[in-house]
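Read through the structure below, which is laid out as structure tokens, and then see the notes.
Chains as they are written, first to last, in our numbering: chain W, 477 to 784; chain G, 477 to 784; chain V, 477 to 784; chain F, 477 to 784.
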């Protein structure tokens, strides 16, 4: 089989590409459930061992994928039902706490590039409370306990000259949040997952992933606090999709000498480096989807911790 | 030869895809020259007959292509030397006039989608004078004769519910410009032309071209005034590039039954409809290139007519 | 009494400034009601005669003012309860029709100037249907009758070189809507009305009103179709507020020779021309308020006509 | 004399309001010069002692004010002649260094509020080099020594929940620049200085200044590195201008009991808190002026250090 280089940020797709036997891969557990009313399919991939992590090409941890086809459709309430389910999954991954927490939400990506603007746009719609609680106390919101939300849009290296990880680390050290939630636009392998899939993971962000690859590690190891990453695939890597299309064709032609093909495609596809593919209505989609994610975070941080 | 559907807005590429004999295609004249100092290669394709228009898949008229590799590079003066050469080509295509003219510049495309924002961004940087001249006379600019520039950003159908041609036609009828200059982002067939090629034509805009396909005809026939179209390729159509990559591979495998391939690729590529491919630094590129084009228009309309 | 020049776009304020006896001004009827649950006070000023129009400095017609203090506050549903009441008032002013109508919404103002961006931002959030209904019929929305919404952001004269009225007139003639809804940011006389008052009128837009004064008449007389205008005061004219402050002080100093003061203030305030005053959080307020107004229009045009 | 509360960020205005004797105020030196060709008047106020700092209401240090009336006018080169003079003044205030320096430029303010967007827009046009030099060395720019520029847009507290000083301090500690340049929009006392005056100071930023008051101290004392602040007045505080207008009127009425007036105005002007006044073309002005400032920084950091 021709095996082009895998280029996906989704654990779900990484698992699929390993092949049939994956469900029995040692060290990988998979749970699936379906929310019928909201038409959301949830797949939870738990990578429990280093060997499994190596096989999957993803670090150990929990990867939740919510497939919500309705998310791309216009909706007057910005799919609040999806936000509700997203909030549940965020809460599952957040570290347990007996007391109020301070949550820093980091919106990665480039506001000026539509397909990469998810992070900044999510941050625009958050209900920011840290500065109010610190100045006036929780009484400002008529409650005795309350989590604090702060938010950062670090920008991209081409515009700052600094690595995102440098900026985030500095802000974390100064403001001491209890947990980070990092938002980013992702690359998928298949166009059919674009903008209708949410991945939530407790492994943080790994170097070299994301639409703009504008990232160093943002992990508990590097930052000293737990890092939840929320991502939505908004683009398909150009070289990947061409490779996939070729592969499909070639699979059916057994007489072809595949090795020769692989060599050639690397020649032919060099021009596709640093190119990505996205839909023509990406602006409207990003705008809508960012509201859905923001509201999920607002619900998770607002409601849950309050009840503790 | 496998002959996938042609998807390019560039006359230069249309000509290339016709094949070797094109230089002798009756009814098509080609002129080429090279500005050494600015490293700009200009190709002028003149389609003189209906038959030639049919063969080329482009209407009769003049198509000037400026290939300026420096255009994608940062430059403190936004490549004023390219703006100067662009101004010369615009002036060649503008109808001769003994007197001042009123020029309406129309910036097509969607400001919110980075790769489609060329038209709106060009319009942002024009030197708008019509309202001043009409209210205070040309004396406001210390001259006795002066062209007037007005500008329109009609938006895209998904946001207006109206066809671009309806909006432009209404504004033309109310404000009676002498000539239109229409700016749009184009689709190219090859990634190597992206953002470094300017096409200027006196045929206006044809339905179904451009990045967002957000256009009906904007031509002298439909609007009643001459229409100069200026376009820069900012995207490659996803299905096209996959087709091209396949074609290159398959050309070398004579044993393949090409017909079967063509059928199959149409199946496999259905998911690529409404997808486009663009570079990861498209925001910075569009910002820079739009200044170059604006300045070309400012020079052409400002300087030249003034000398009459 | 020192009587500085009146500078307000609100009929409510114009009425107040006429003085105590206004409720008995012949030709002016006033109705007031209060929606307790939503805390919205509605004042309807009906100017029935030419004489009354002259005394009020406003054309004959109906002016509805909704005072909704909650509107400036953040709200997760963008104050849908206010949108509902706004929809009712829009429907009252819309011409009765037995059949579907085509409504063109025009967002006046300058997107780049925060306090003047209400119109463009309202247009961003409308549910645009005209192009869908025209291409696929009302069946696309699973209904047999349906109004069509289209929208236009004409821009400001400094950027287009054209008067707004020229652009709107051209588009109206080409697309033949049954009715226009025009949105604009207004100037108020008092800071306490900023961003919490909506004025809806069936008189259209008069020259010289609005934040940017970027307007000629947009009226049934000039355009040939009924024009509903919706405005929200987002700024106070700088000269007005200084004049008002002075007046308050001077009222209490009977010994002052007021005529001398008036002369002087015109001298002193010349520097305030073309200045306006607005709040420091105007960006967040405009963003929220524009959602409230968009939703009001979506409800009015969507729900009501459907039931006919 | 009625003496309303001073509200200006300009040392020049603070000096004027102290009165006639200021030129002889001990501990304050003033230098003035005039660049005839560029029509730029430069006033350098040096506050040398603590007593003088107290009298002026500004910390000890050097305050350079460039009055450049041409700056508000459109210009095809964005007033490069002013950028050149600005670069000279920046270089005078920069700490001397024998070697390359790393400069972090911080753009304060709120991108969404036009009059407060100076800082973010200046940052947009900088020539960012730190990441390139760190990855590829100065050879990437064909030189053996080169300063590094990085840039940060920290956002405003209402959107981040964090104080600007927290964010800047964190980033400074992580990235260790040699010097900071901080850009902000200022409040002036007089409308005639708006957008045509640049203040450059080596005292950094003091709490409570700037358009949005979105700032804690950003000073050498708080951050550990020298801080150059560059500001341009884009607004006039509303309460200030009303107070000034009143004062002018009242000065001429000796019979008035000024104390009573002062009390009253505080009552009347309460509604003006958190309001500011700005010009109607502020968007175009900020766009142009930000290019002038960016280019001044690009020249200063690029040219000068290179020559060492």
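Note that beta-carbon positions come from the ideal geometry of N, C-alpha and C, so glycine has one too.
Predicted, not measured: the structure shown is a model, and the values here were computed from it.
Do we get a CB-CB distance below 9 angstroms when we pair residue 731 (chain W) with the residues of chain F? Locating residue 731 (chain W) in the first chain gives position 255, counting from the first residue. In this prediction, residue 731 (chain W) has a pLDDT of 45, which is less than 50 and means its spatial position is unreliable; what the coordinates show is noted afterwards. Answer no: the Cβ-Cβ gap between residue 731 (chain W) and chain F never drops below 9 angstroms.
Could you tell me whether the Cβ of residue 743 (chain F) comes closer than 9 angstroms to any Cβ of chain W? Looking up residue 743 (chain F) in the fourth chain gives position 267. A caution first: residue 743 (chain F) carries a pLDDT of 46, below 50, which makes its placement in the model too unreliable to give a value.
Entirely enclosed beta strand (DSSP E) segments - the region 526-611 of chain W, minimum 3 residues: 537-543 and 578-583
Measuring alpha carbon to alpha carbon, tell me which residue in G:577, G:507 and G:659 is nearest residue 622 (chain G). Within the second chain, residue 622 (chain G) is the residue found at index 146, counting from 1. Comparing Cα-Cα distances from residue 622 (chain G) to each of G:577, G:507 and G:659, the minimum goes to G:577.
Quick one, which of G:535, G:717 and G:551 has its alpha-carbon nearest residue 668 (chain G)'s? Taking the first residue of the second chain as position 1, residue 668 (chain G) is located at position 192. Residue G:717 is the option with its Cα nearest to residue 668 (chain G).
Along the alpha helix (DSSP H) that carries residue 638 (chain F), what are the first and last residues, could you check? By 1-based counting over the fourth chain, the position of residue 638 (chain F) is 162. First-last for residue 638 (chain F): undefined, no H or E at that position.
Proximal residues, the region 500-515 of chain F versus chain V, C-beta separation under 7 angstroms: none
Whole angstroms is fine: what's the gap from residue 484 (chain G)'s alpha carbon to residue 571 (chain F)'s? Residue mapping note: residue 484 (chain G) aligns to position 8 of the second chain, counting from 1. Residue mapping note: residue 571 (chain F) aligns to position 95 of the fourth chain, counting from 1. Straight-line Cα distance between these residues: approximately 55 angstroms.
For residue 561 (chain V) versus residue 542 (chain V), is the C-beta spacing smaller than 9 angstroms? Here residue 561 (chain V) is taken as the residue at index 85 of the third chain, counted from 1. Here residue 542 (chain V) is taken as the residue at index 66 of the third chain, counted from 1. In contact: residue 561 (chain V) and residue 542 (chain V) (Cβ atoms closer than 9 angstroms).
What is the rounded straight-line gap between the Cα of residue 538 (chain F) and the Cα of residue 624 (chain W)? As a working note, residue 538 (chain F) is residue 62 in the fourth chain. As a working note, residue 624 (chain W) is residue 148 in the first chain. So the alpha carbons of these two residues sit roughly 40 angstroms apart.
Exposure of residue 554 (chain F), with buried meaning 16 or more beta-carbon neighbours within 10 Å: Taking the fourth chain and counting its residues from 1, one reaches residue 554 (chain F) at position 78. Counting Cβ neighbours within 10 Å, residue 554 (chain F) comes out buried, since at least 16 surround it.
Kindly indicate the opening and closing residues of the beta strand (DSSP E) around residue 628 (chain W). Taking the first residue of the first chain as 1, we reach residue 628 (chain W) at position 152. Taken as a continuous stretch (DSSP letters only), the beta strand (DSSP E) holding residue 628 (chain W) covers 624-628.
What three-state label does DSSP hand residue 701 (chain V) in the structure shown? What you label residue 701 (chain V) is simply residue 225 of the third chain in a count that begins at 1. If DSSP states are grouped into helix, strand and coil, residue 701 (chain V) belongs with coil.
Looking at residue 759 (chain V): is its Cβ nearer than 9 angstroms to the Cβ of residue 712 (chain F)? Indexing the third chain from 1 puts residue 759 (chain V) at position 283. Indexing the fourth chain from 1 puts residue 712 (chain F) at position 236. Not a contact, by the Cβ cut-off of 9 angstroms.
Measure how close the beta-carbons of residue 599 (chain G) and residue 629 (chain G) come, nearest whole angstrom, since I'm counting them as under 8 angstroms. Counted from its first residue, the second chain places residue 599 (chain G) at position 123. Counted from its first residue, the second chain places residue 629 (chain G) at position 153. So it is a contact: roughly 5 angstroms between Cβ atoms.
Output yes if chain W places a C-beta closer than 9 angstroms to the C-beta of residue 521 (chain G); else output no. Taking the second chain and counting its residues from 1, one reaches residue 521 (chain G) at position 45. For residue 521 (chain G), the answer is no, since every Cβ of chain W falls outside 9 angstroms of its Cβ.
Counting Cβ pairs, one atom from each stretch, are 3 or more of them under 8 angstroms apart for the region 649-668 of chain G and the region 580-588 of chain G? yes
So, for residue 490 (chain F): in the same chain, excluding its five sequence neighbours on each side, which residues have a beta-carbon less than 8 angstroms away from its beta-carbon? Along the fourth chain, read from residue 1 onward, the residue named residue 490 (chain F) stands at position 14. So the qualifying residues of the chain are 482, 484, 532, 533 and 534.
Please list, in chain order, all residues of the same chain as residue 652 (chain F) whose beta carbon is under 6 angstroms from its beta carbon, the five residues on each side excluded. Residue 652 (chain F) sits at position 176 when you count from the first residue of the fourth chain. So no residue of the chain qualifies.
Residue 713 (chain W), DSSP secondary structure in three states: Along the first chain, read from residue 1 onward, the residue named residue 713 (chain W) stands at position 237. The answer is strand: DSSP assigns residue 713 (chain W) an E or B state.
From residue 671 (chain F) to residue 681 (chain F), what does the alpha carbon distance come to, in whole angstroms? The sequence position of residue 671 (chain F) within the fourth chain is 195, counting from 1. The sequence position of residue 681 (chain F) within the fourth chain is 205, counting from 1. Between residue 671 (chain F) and residue 681 (chain F), the C-alpha separation is close to 19 angstroms.
So, helix, strand or coil for residue 707 (chain F), using DSSP? On the fourth chain, position 231 is the one that residue 707 (chain F) refers to. In this structure, residue 707 (chain F) counts as strand in the three-state DSSP scheme.
Just by C-beta distance, which residues in the region 609-634 of chain G are closer than 8 angstroms to chain V? 624, 625, 626, 627, 628, 629, 631, 633 and 634
Can you tell me the Cα-Cα spacing of residue 536 (chain V) and residue 530 (chain V), whole angstroms? If you number the third chain from 1, residue 536 (chain V) lands on position 60. If you number the third chain from 1, residue 530 (chain V) lands on position 54. Approximately 9 angstroms between the Cα atoms of the pair.
Residue 693 (chain V) vs residue 563 (chain V) beta-carbon contact at 9 angstroms: The residue labelled residue 693 (chain V) in the question sits at position 217 within the third chain. The residue labelled residue 563 (chain V) in the question sits at position 87 within the third chain. No, the pair does not count as a contact, with Cβ atoms beyond the cut-off.
Reference residue 595 (chain V), options V:559, V:701, V:705 and V:505, closest by Cα: Position 119 of the third chain, counted from the first residue, corresponds to residue 595 (chain V). Closest option to residue 595 (chain V), Cα to Cα, is V:705.
Using C-beta distances below 8 angstroms, list every residue in its chain close to residue 519 (chain V), excluding the 5 sequence neighbours before and after it, in chain order. Residue 519 (chain V) sits at position 43 when you count from the first residue of the third chain. Counting only Cβ-Cβ distances below 8 angstroms, and skipping sequence neighbours, we find 488, 506, 507, 508, 540, 541 and 543.
Helix, strand or coil at residue 512 (chain G) according to DSSP, with G and I counted as helix: Here residue 512 (chain G) corresponds to residue number 36 of the second chain, with the count starting at 1. Residue 512 (chain G): coil per DSSP, three-state reduction.
Alpha-carbon to alpha-carbon, residue 512 (chain F) and residue 627 (chain G): For the purposes of this step, residue 627 (chain G) is identified with residue 151 of the second chain, where counting begins at 1. For the purposes of this step, residue 512 (chain F) is identified with residue 36 of the fourth chain, where counting begins at 1. Whole-angstrom Cα-Cα distance: 37 angstroms.
With a 10 Å radius around its C-beta and 16 neighbouring C-beta atoms as the bar for buried, classify residue 709 (chain V) as buried or exposed. Residue 709 (chain V) sits at position 233 when you count from the first residue of the third chain. Buried.
Beta carbon of residue 632 (chain G) nearer than 9 angstroms to that of residue 592 (chain G): As a working note, residue 632 (chain G) is residue 156 in the second chain. As a working note, residue 592 (chain G) is residue 116 in the second chain. Yes, these two residues count as a Cβ contact at 9 angstroms.
Can you check whether the C-beta of residue 668 (chain V) is within less than 9 angstroms of a C-beta belonging to chain G? Here residue 668 (chain V) is taken as the residue at index 192 of the third chain, counted from 1. Output row for residue 668 (chain V): interface = no.
Helix, strand or coil for residue 488 (chain F) per DSSP? One-based indexing of the fourth chain puts residue 488 (chain F) at position 12. If DSSP states are grouped into helix, strand and coil, residue 488 (chain F) belongs with the helices.
What do you get for residue 549 (chain G), buried or exposed, if any count of 16 or more other CB atoms within 10 angstroms of its CB means buried? One-based indexing of the second chain puts residue 549 (chain G) at position 73. Flag for residue 549 (chain G) reads exposed.
Can you find a C-beta in chain F that's less than 9 angstroms from the C-beta of residue 554 (chain V)? Along the third chain, read from residue 1 onward, the residue named residue 554 (chain V) stands at position 78. Closer than 9 angstroms: no.
Using a Cβ-Cβ distance cut-off of 9 angstroms, determine whether residue 585 (chain V) contacts chain B. As a matter of chain content, chain B is missing from the structure shown, whose protein chains are W, G, V and F.
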